[in-house]
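Taking it in order: structure first as structure tokens, then the write-up.
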Amino acid sequence: MMILPFKIDEANYCINIDNVVEVIPFVRITPIPKSSEHLKGLINFRGSLIPVFDLAYYLKQHYANIYLSTRIIVVRDTETPEIEFGIISEVVSETFSLDSNLHEEKINSYTAHPFIDKVFLIDFELVHLVNLKKLVSTIENYL
Numbered sequence: 077m078m079i080l081p082f083k084i085d086e087a088n089y090c091i092n093i094d095n096v097v098e099v100i101p102f103v104r105i106t107p108i109p110k111s112s113e114h115l116k117g118l119i120n121f122r123g124s125l126i127p128v129f130d131l132a133y134y135l136k137q138h139y140a141n142i143y144l145s146t147r148i149i150v151v152r153d154t155e156t157p158e159i160e161f162g163i164i165s166e167v168v169s170e171t172f173s174l175d176s177n178l179h180e181e182k183i184n185s186y187t188a189h190p191f192i193d194k195v196f197l198i199d200f201e202l203v204h205l206v207n208l209k210k211l212v213s214t215i216e217n218y219l
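This is the structure we're talking about:
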């Protein structure tokens with residue numbers, strides 16, 4: 077499985093590359109009045125307005141830090157391709173293939189959030205796999 081690793085508040089996360097449409101630089105996000113705390117607003121992505129969510133607010137109950145390295149990961153669930161949205165990430169790394177042996181041997185089943193599927197140990201660091209389908213079901217009221 078190919079994954080895209082990213083960081084939020086010094087914690088490591090990853091998402092299946094099949095769900096990633098594009099990684100774009102952080103751009104101005106137009107806020108939506110009276111929206112929820114984790115919905116940062118809308119951006120114009122290739123002529124379409126898409127919502128951008130602050131995953132840090134879901135996970136840590138505070139907003140993501142904005143750095144020069146901050147990116148917006150535009151994602152789409154493969155089962156519902158008409159739904160696209162952005163996730164704010166403080167740092168995005170290069171994609172890599174998750175070794176199937178690592179996948180089988182070093183998975184910890186503990187997850188603290190409903191949209192975190194698994195926790196891997198990669199290079200002595202914990203990496204949380206985001207299940208986009210579960211994330212979409214969590215935020216679908218805002219899409």
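Mapping the sequence shown onto my numbering, position 84 (from 1) lands on 160, and the numbers just tick up by one.
From the three backbone atoms N, C-alpha and C, an ideal C-beta is built for every residue, glycine too.
Bear in mind the structure is a predicted one, so any value in this text is a computation, not a measurement.
Asked, Found
"Anticipated Cβ contact below 8 Å, residue 167 with residue 148, distance rounded", "Between residue 148 and residue 167 the Cβ distance is about 13 Å, and since that is not below 8 Å, they are no contact."
"Same chain, Cβ closer than 7 Å to residue 191, five either side skipped, listed in chain order", "206, 207, 210, 211 and 214"
"Nearest to residue 160 (by Cα), restricted to the options 104, 106, 133 and 120", "120"
"Extent of the continuous alpha helix (DSSP H) to which residue 163 belongs", "Here residue 163 belongs to no alpha helix (DSSP H); instead the beta strand (DSSP E) covers 160-165."
"Bridge-paired residues (DSSP) for residue 100", "148"
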